[in-house]
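Asks: Below are the structure tokens for one structure; questions will follow.
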Amino acid sequence: MTHATGYAALSAESPMAPFTFERRALRADDVRLDIRYCGVCHFDLHQARDDWHNSVCPCVPGHEIIGTVTEVGPDVTRFQIGDLAAIGCMVDSCMACPECVRGPEQYCVKRSTPTYNGKDRMDGSPTYGGYSDHIVAREQFVLKLPEGLDPERAAPLLCAGITTWSPLRHWKVGPGSRVAVAGLGGLGHMGVKLAVGLGAEVTVVTTSPAKSADALALGAH
Ligand SMILES: [Zn+2]
Ligand SMILES: [Zn+2]
Numbered sequence: 031m032t033h034a035t036g037y038a039a040l041s042a043e044s045p046m047a048p049f050t051f052e053r054r055a056l057r058a059d060d061v062r063l064d065i066r067y068c069g070v071c072h073f074d075l076h077q078a079r080d081d082w083h084n085s086v087c088p089c090v091p092g093h094e095i096i097g098t099v100t101e102v103g104p105d106v107t108r109f110q111i112g113d114l115a116a117i118g119c120m121v122d123s124c125m126a127c128p129e130c131v132r133g134p135e136q137y138c139v140k141r142s143t144p145t146y147n148g149k150d151r152m153d154g155s156p157t158y159g160g161y162s163d164h165i166v167a168r169e170q171f172v173l174k175l176p177e178g179l180d181p182e183r184a185a186p187l188l189c190a191g192i193t194t195w196s197p198l199r200h201w202k203v204g205p206g207s208r209v210a211v212a213g214l215g216g217l218g219h220m221g222v223k224l225a226v227g228l229g230a231e232v233t234v235v236t237t238s239p240a241k242s243a244d245a246l247a248l249g250a251h
């Protein structure tokens, strides 16, 4: 085990506060990251405030994580110490059900393990997220950061990014597509950039006229 420090909601009413906890010792297929950046997702606020009545406190939020690999288990094949890596919304799944075998572990019939506010599948300990100094996760749920991607700005891709990328790919958006993005917030601005990058004609629908300059600057038509 290693001592970790982070920020936690100790209760749904208390402000975020410094919090010390244990991370598990590395298993054979685990990777340890020193966390360098972590996005702030609105989901984090909901969990910290127990808006959905399922928060486990202390709650260390954060599921848009960018870090540097500091240790790898003996069965890890894709990472070496010093690599830049990323962790998103989940850190484990059953790895055996039809959905896990097919690929989308978020549909695991035994439920994937969320990066925080969940329970480790092996030892039952609480999972704690990226508002902390380091994290340990199964290699399968750790992503390589591509060359040329600025680590300081990449974290929101891990949740806001994949959330908007997934439907754009599902509907095969590309040149000739017309995309409307409702709202220019954390996800909306990502959706605009991704859809523009895929070659679509992009319209932003907003009730905030002050955001139109930002929408145009992000590439909306
Ligand atoms: Zn999120
Ligand atoms: Zn599964």
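Under my numbering, read the sequence shown as residues 31 to 251, first letter to last. Using N, Cα and C, we set each Cβ at its ideal position, and we do this for glycine too. Everything numeric in this text was worked out from a predicted model, so none of it was measured.
On the three-state DSSP scale, how would you describe Val90?
Replies: Coil.
Asks: So Val90 and Phe49 are in contact, right, with Cβ under 8 angstroms, and what is the actual spacing, rounded?
Replies: Val90 to Phe49, Cβ: 6 angstroms. Contact.
Asks: Report, in whole angstroms, the separation of the C-beta atoms of Leu56 and Val166, which I expect to be a contact under 8 angstroms.
Replies: About 6 angstroms separates the two Cβ atoms, so the contact holds.
Asks: Do the CB positions of Arg79 and Val121 come within less than 8 angstroms of each other?
Replies: Contact flag unset, no.
Asks: Do the region 59 to 70 and the region 95 to 102 touch if we need at least three Cβ pairs shorter than 8 angstroms?
Replies: Yes: at least three Cβ pairs fall under 8 angstroms.
Asks: Is the closest heavy atom of ligand 1 to the C-beta of Cys189 under 7 angstroms?
Replies: It does: the Cβ of Cys189 is within 7 angstroms (strictly closer) of some heavy atom of ligand 1.
Asks: Using only alpha-carbon positions, find the residue among Leu198, Val131, Met125, Ala42 that is nearest to Met152.
Replies: Comparing Cα-Cα distances from Met152 to each of Leu198, Val131, Met125, Ala42, the minimum goes to Met125.
Asks: Specify, as a first and last residue, the run of the beta strand (DSSP E) that Thr100 falls within.
Replies: Segment 95 to 102, the beta strand (DSSP E) holding Thr100.
Asks: With C-beta atoms as the reference, is Val226 less than 8 angstroms away from Val211?
Replies: Contact: no.
Asks: Would you say the beta carbon of Val139 comes nearer than 7 angstroms to a heavy atom of ligand 3?
Replies: With respect to ligand 3, the structure offers nothing, as its ligand set consists of ligand 1 and ligand 2.
Asks: What runs of the beta strand (DSSP E), each 3 residues or longer, lie entirely inside the region 110 to 186?
Replies: DSSP runs (the beta strand (DSSP E)) wholly in the region 110 to 186: 114 to 117, 120 to 122, 164 to 168.
Asks: Comparing alpha-carbon positions, which option in Gln170, Ser44, Ala58 lies nearest Val102?
Replies: Considering only alpha carbons, the answer is Ala58.
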